[in-house]
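Position in the sequence shown counted from 1, then plus 33, gives you this note's numbering. Backbone N, C-alpha and C fix where the C-beta goes; we use that ideal spot for every residue, glycine too. Every value quoted in this text rests on a predicted model; they were computed, and no experiment measured them.
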Amino acid sequence: MRTRFSDIQLADPALSAAEHELRKCVHCGICTATCPTYTLLGDELDGPRGRIQLIQGMLESGAAPSPTVVMHVDRCLSCLACVSACPSGVSYPRLIDEARAHVERTFRRPRYEAFIRRALGFVLPRRWLFRWALTVGRYASDIAALVPLPLGSLIDAAKKLPPVQRRRELAKRYPAQGQRRLRLALHAGCVQEVIAPAITASAVRVLTRFGAEVVLVEGDGCCGALNHHLGQTQVFEGHALRLAQDVAAHAADCEAIVTTTSGCGAVMRDYAFALHAEEGKAVGERVRDISDVLAELPLERVDALPKLRVGYHAACSLAHGMQRGVDIPEVLTRLGFEVVTPSDTNCCGSAGVYNVLQPEIAHALQERKGEAVNALDADVIVTGNIGCLTQIGAVSNAPVVHIVELVDWATGGPTPQALRGRISA
Ligand code: SF4
Ligand code: SF4
34 MRTRFSDIQL ADPALSAAEH ELRKCVHCGI CTATCPTYTL LGDELDGPRG RIQLIQGMLE
94 SGAAPSPTVV MHVDRCLSCL ACVSACPSGV SYPRLIDEAR AHVERTFRRP RYEAFIRRAL
154 GFVLPRRWLF RWALTVGRYA SDIAALVPLP LGSLIDAAKK LPPVQRRREL AKRYPAQGQR
214 RLRLALHAGC VQEVIAPAIT ASAVRVLTRF GAEVVLVEGD GCCGALNHHL GQTQVFEGHA
274 LRLAQDVAAH AADCEAIVTT TSGCGAVMRD YAFALHAEEG KAVGERVRDI SDVLAELPLE
334 RVDALPKLRV GYHAACSLAH GMQRGVDIPE VLTRLGFEVV TPSDTNCCGS AGVYNVLQPE
394 IAHALQERKG EAVNALDADV IVTGNIGCLT QIGAVSNAPV VHIVELVDWA TGGPTPQALR
454 GRISA
């Protein structure tokens, strides 16, 4: 595609990278059919090809976009199904990320909407504040229907989340059991640590059980992904830099930086581009999802577990964002589980804070995913991203757990909380 950026515009690395991707797009439209918002709404401008055109116009002009352009940009889930489908190798994140940052810089949102976005970007990355907000949200749940969107949907979302869990104190370093085979840094994020800290605990147990020394890295408690998807670039870079500095200070000797939330992993992989600093490159090049690491460990199943039918939902951030996760069914099969996958491979509608900001679309995708998951008639559903876990958990007949919780249980760890009383050994 031809572009019309000035030399001054192209001196900006983010705009220059966006322009590079715009030129790759040949407008074939192959990506369109894989886009959840296009298949749901049937509007070309709610598909990747249409959005790319809108983004090009907006970035080339450099001016504030119209509310209609912002609406179509906002409706993108960043699920990146379009990236997997594109035969021309268009890196769509370079476009949608720059588009969001541009909207944030130039467009004046209605006050209420701007407030909600700022509040989400401020509260969620701070565990103590998020814990407090969740508690308040539960007390306010009776008035959710009376409050305008998206605050009403925020309160509604708080009501559906698992009870706030006290975070245990984490050590900085966990020794390997037996002979040490490798040394890994484990990233503990923000939201997951508040609503499901058991996931990090499971990861520590599994990794150390099979010979890894584990170093916990947290930065200031958030990798910045939430702010990144809200277009809050400076805040994102602040979180990212502090995490990269933590890694440099405490995990320089680790073979990999492991994440248990693929939504974080997909963003951390791009730290080199985002930070333009050596620390960012050192993180980006070494980030691995826990499922990749599990596939390489000599996992052994303990006796006396029931043979369960496990439904595997591939998180978009893992399948498309990190282009990983293909080994998960094999890992689970190796541990004696029967693995089935849902017919609907679309995004579940969680997508960070999308389910709060775009509740109608998120709800439609959630319903679609719920039907597909329930049709599996599985004993348990597994996934690798906290957003999917809560989004699907609200509509699934079977309990939903993180992959590493199931692997931990199968190899000698405790029964995951969600399975207690629902699965008999
Ligand atoms: S598939 Fe790729 S090249 Fe074709 S329209 Fe979509 S982004 Fe552009
Ligand atoms: S990231 Fe997902 S929602 Fe956004 S354009 Fe691509 S396929 Fe559609």
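In the structure shown, T292 adopts extended strand secondary structure according to DSSP, grouped into three states. In this structure, DSSP gives H220 an extended state, which the three-state scheme calls strand. Collapsing the DSSP output to three states places E246 in a strand. The beta carbons of A273 and A307 sit closer together than 8 Å. Here DSSP, grouped into helix, strand and coil, assigns V428 to coil. With fewer than 16 neighbouring CB atoms inside 10 Å of its own CB, K205 falls in the exposed class. Here DSSP, grouped into helix, strand and coil, assigns V433 to strand. Judged by their CB atoms, S429 and M355 are not nearer to each other than the 8 Å cut-off.
Two segments are said to touch when three or more pairs of C-beta atoms, one from each, lie closer than 8 Å; by this definition the stretch 371-384 touches the stretch 392-409. Boundaries of the beta strand (DSSP E) around D322: V320 to D322. Residue state for V372 is assigned as strand, using DSSP reduced to three classes. Counting the other CB atoms within 10 Å of its CB gives Y145 a total below 16, which places it among the exposed residues. Spatial neighbours of N388 in its own chain (CB-CB distance under 7 Å, excluding positions within 5 residues in sequence) are listed in chain order as A190, G382, A395 and Q424. Spanning the alpha carbons of M34 and H53 requires a straight line of approximately 10 Å. For V169, the number of other beta carbons within 10 angstroms of its own is below 16, and it is reported as exposed. In the three-state scheme derived from DSSP, where H, G and I count as helix and E and B as strand, R357 is classed as coil. I414 sits in a strand when the DSSP states are folded into three classes. If you draw a 10 Å sphere on the C-beta of H353, you find 16 or more other C-beta atoms in it, and that means buried.
In this structure, ligand 2 has a non-hydrogen atom nearer than 7 Å to the beta-carbon of T70. Rounded to whole angstroms, the separation of the alpha carbons of G252 and R275 is 5 Å. Using a C-beta cut-off of 8 Å, the stretch 255-275 makes contact with the stretch 122-142, since at least three inter-stretch Cβ pairs fall below that distance. Within the DSSP bridge table, the entry for V343 names V372 and V413 as partners. With at least 16 other beta carbons inside 10 angstroms of its own, V250 counts as buried. DSSP, reduced to helix, strand and coil, places L263 outside both helices and strands of the structure shown, so it counts as coil. In the DSSP assignment, no residue is bridged to Y172.
Distance from the C-beta of S121 to the nearest heavy atom of ligand 1 is below 7 Å. R138 counts as exposed, since fewer than 16 other beta carbons sit within 10 angstroms of its beta carbon. Within 10 angstroms of the beta-carbon of G317 lie 16 or more other beta-carbons, which makes it buried.
Inclusion of R84 in the 7 Å shell around ligand 2 follows from its C-beta lying nearer than that to a non-hydrogen atom of the ligand. DSSP, reduced to helix, strand and coil, places L422 within a helical segment of the structure shown.
Cα atoms of D441 and S235: separation of roughly 6 Å, rounded to the nearest angstrom. When DSSP states are grouped into helix, strand and coil, L215 belongs to the strand group.
Burial check for A337: the Cβ neighbour count within 10 Å stays below 16, so the residue is exposed.
In this structure, the C-beta of A427 stays at least 7 Å away from each heavy atom of ligand 2. Fewer than three pairs of CB atoms, one per stretch, sit closer than 8 Å, so the stretch 114-126 makes no contact with the stretch 35-43. Non-local beta-carbon contacts of R453 in its own chain, meaning distances under 6 Å to residues more than five positions away in sequence, are absent.
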